[in-house]
Each structure stands twice: as C-alpha cells, then as structure tokens.
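The structure appears right after this line, and notes come after that.
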Amino acid sequence: MAIRIEKTMKNLNLPPACASMGPFPLQDDWGMKEAIGVLDKSLDPGKYEETVQAETFQKIRSAITNIHQASAGGMGDVVGAFERKRVWISSVPTHSFGFPLVSW
485 MAIRIEKTMK NLNLPPACAS MGPFPLQDDW GMKEAIGVLD KSLDPGKYEE TVQAETFQKI
545 RSAITNIHQA SAGGMGDVVG AFERKRVWIS SVPTHSFGFP LVSW
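Below, the structure written as structure tokens:
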C-alpha cells in the first residue's frame, strides 16, 4: 500500500507522503551523551557492592535534567509523559523518547 502511494507521489512530482526512515542525522537527539555519562557513573566502585547502586547513578540523570532546564538551551518545548501519570513540556535530553531505552 505504502509503495503504491509513494509511486503515485513520484508520478505527480509531489514530495513523499511517508516520513523518511533514515538515515538518522549525525547529531545527538536522543540524549546519548547523557546516557553515556550515567552508564559511566554506574561502573564506579560501590561501598558495599562491586559497583554503585542504581539510586546513586540515577542522581546523575537528575543533575543533567536540572542543569539543562536551568540553562538557556532548556527553553525549547517538547511534550512528554511518564507512565500516564505526569505530563510536562521540556527539551531536556533525559526526557526524550530514546533516553530510557539506552540507559537501563
């Protein structure tokens, strides 16, 4: 079905009807830099375990979120939701769709 629609768009010299599937741009839209920072902290030695506990390295995510929201770059608008309980507007990379996928 989608192939037929795209062929029709091409025959009519119109732009594609479907969004491009890639390649993804060479920029960090999903908060990969921040996720790397959180994962790096998770490798630190812990007091009672081999590595730090999850609560310890999750503080890095909170710090990144707070700093970004307080900065001039944190003024953009993105609507987000968490488990259908909270809704907010933010442009913080730690609130992006991909961040939870790469950080846990």
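Letter 27 of the sequence shown, counting from 1, is numbered 511 in our numbering, and no numbers are missing. Cβ coordinates follow ideal geometry from the N, Cα and C atoms, glycine included. Just so we're clear, the structure is a prediction, and the values are computed from it rather than from any experiment.
When DSSP states are grouped into helix, strand and coil, L496 belongs to the coil group. When secondary structure is reduced to three states using DSSP, Q511 falls in the coil class, being assigned neither helix nor strand. Counting along the chain, S546 sits inside the alpha helix (DSSP H) bounded by residues 538-554. For S526, the enclosing alpha helix (DSSP H) stretches over residues 516-526. Counting only residues of its own chain and dropping the five nearest sequence neighbours on each side, A486 has a CB closer than 7 angstroms to the CB of C502. Nearest in C-alpha terms to K531, of all of T540, K517, D524, is T540. Apart from sequence neighbours up to five positions away, the residues of its chain that approach V536 with a beta-carbon distance below 6 angstroms are D528, G530, ordered along the chain.
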